[in-house]
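K.L.:
Read left to right, the sequence shown gives residues 1 to 265 (UniProt numbering).
All residues carry an ideal CB built from backbone N, CA and C; glycine is no exception.
The structure displayed is predicted, hence computed values, not measured ones.
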Amino acid sequence: MMSEYFEVWIGCPYDWIEVRDGGEVTSPLIGRYCTPLRNPILWSSSNEMLVRLRSDSSFDSHFVIGYTFKPKEDNKDEEEEGKTCQIGDGSSYRGTLAATWSGRLCQAWGVQAPHSHSRTPANYPNSGLDKNYCRNPSGHHNLWCYTADPDKRWDSCVLRKCDTVLEDLGAEVQDLIKDAGECYTGKGKSYRGTTTLTWSGHTCQAWSSQTPHSHSYTPEKYPNAGLTNNYCRNPSKSDAPWCYTTSSKRWAFCAIPKCMENEGT
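(1) Could you spell out the range, first to last residue, of the beta strand (DSSP E) harbouring R233?
(2) Please classify L53 as buried or exposed, where buried requires at least 16 other C-beta atoms within 10 Å of its C-beta.
(3) Could you tell me if K258 is buried or exposed, where buried requires 16 or more neighbouring beta carbons within 10 angstroms of its beta carbon?
(4) Per DSSP, what kind of secondary structure is T211 in: helix, strand or coil?
(5) To which residues does DSSP link A99 through a beta bridge?
(6) Just verifying my parser: in three-state terms, what is the DSSP assignment at E24?
(7) Roughly how many angstroms lie between the CA atoms of D128 and V158, to the nearest whole one?
(8) Here's the rule: buried if 16 or more other CB atoms are within 10 angstroms of the residue's CB, otherwise exposed. What is S190?
(9) Report the partner residues of A252 according to the DSSP bridge assignment.
(10) Name the DSSP beta bridge partners of C145, please?
(11) What's the gap between the Cα of D151 and the Cα of Q112?
(12) Mind checking which residues open and close the beta strand (DSSP E) that includes R54?
(13) Here's the rule I'm using: 16 or more other beta-carbon atoms within 10 Å means buried, otherwise exposed. How should S214 be labelled?
(14) Under the DSSP definition of a beta bridge, which residues are partnered with W16?
(15) Return the CA-CA distance between C232 and C254, expressed in angstroms with no decimal places.
(16) Counting C-beta neighbours from all protein chains within 10 Å, is the total for D130 16 or more, i.e. buried, or is it exposed?
(17) Is it buried or exposed for T195, if we count other Cβ within 10 angstroms and need 16 for buried?
(18) Cβ atoms of Y146 and Q107: under 8 Å apart, would you say?
(19) Check whether the Cβ of G188 lies closer than 7 Å to any heavy atom of the ligand SAM, and answer yes or no.
(20) Identify, in the order they occur along the chain, each residue of the same chain with its Cβ nearer than 7 Å to the Cβ of S138, setting aside the five sequence neighbours on each side.
(21) At the level of alpha carbons, what is the spacing between N142 and S156?
(22) In the DSSP output, what is Y184 paired with across the bridge?
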């Protein structure tokens, strides 16, 4: 099964749609979606997909959700697969995702406003720089785009990796995170919570460990960054708390919502 009309943003502190790969609340988490942006097709590995509306209880009624689905074709080739997921660093991606992980709309590659740049369709004719779709013409480690936000020149795009199987996050993990008061302010520099999971379902690697990924963000080099155990942190001036993972994926942003405006800083 697949859904074509879910919406995505990293954080979702208020109301959101939770999607799981299977029919149970313990099924692997596919994602958490909440903004008015079209997300790429979501694929399930079987004929069951759990879709649930979750809320912060600010409102107790008048919610309306809807979705469409159709069977996945068994003979879908790699070219078609590459339009709904990312292969490697995403340089071959030719899908229509046009928003970054932080919810910013992408600037069209063919225009020079609000940001001037040299990554134009004329300069990179083989990079698929159509409209404002996320691409990787630069050899970056991930899909990205210049943003339509004058204050943010560029940002990474989030898309599932092709043939990736998400780990089971456990029952009601999103509720546990929220009920425990886990959230971050600003870019999460001061976050000192105990979340150890990423939005993509990966477990965090301990900051003091160099396995499976070697790195320089160690407790010794960054003694004031709170690099305890394998807790999500932001020692690098990134956009949100993150961690190195225990899987083949080097790093990822963590499954921590941004604090609501009325929550203390």
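P.N.:
Reading it off the structure:
(1) Segment: none, R233 is in no beta strand (DSSP E) and carries neither H nor E.
(2) exposed
(3) buried
(4) coil
(5) L105
(6) coil
(7) For the record, residue 128 in the displayed sequence is Gly; it is not Asp. Roughly 18 Å separates the two Cα atoms.
(8) exposed
(9) C243
(10) Beta-bridge partners of C145 (DSSP): D155.
(11) 15 Å
(12) L50 to R54
(13) exposed
(14) R54
(15) Taking the straight line from one Cα to the other gives about 6 Å.
(16) exposed
(17) buried
(18) Yes.
(19) Questions concerning the ligand SAM fall outside what the structure shown contains, since it holds no ligand whatsoever.
(20) Within the same chain, Cβ atoms closer than 7 Å to the Cβ of S138 are found at R119, the five residues on either side in sequence being excluded.
(21) 7 Å
(22) K258
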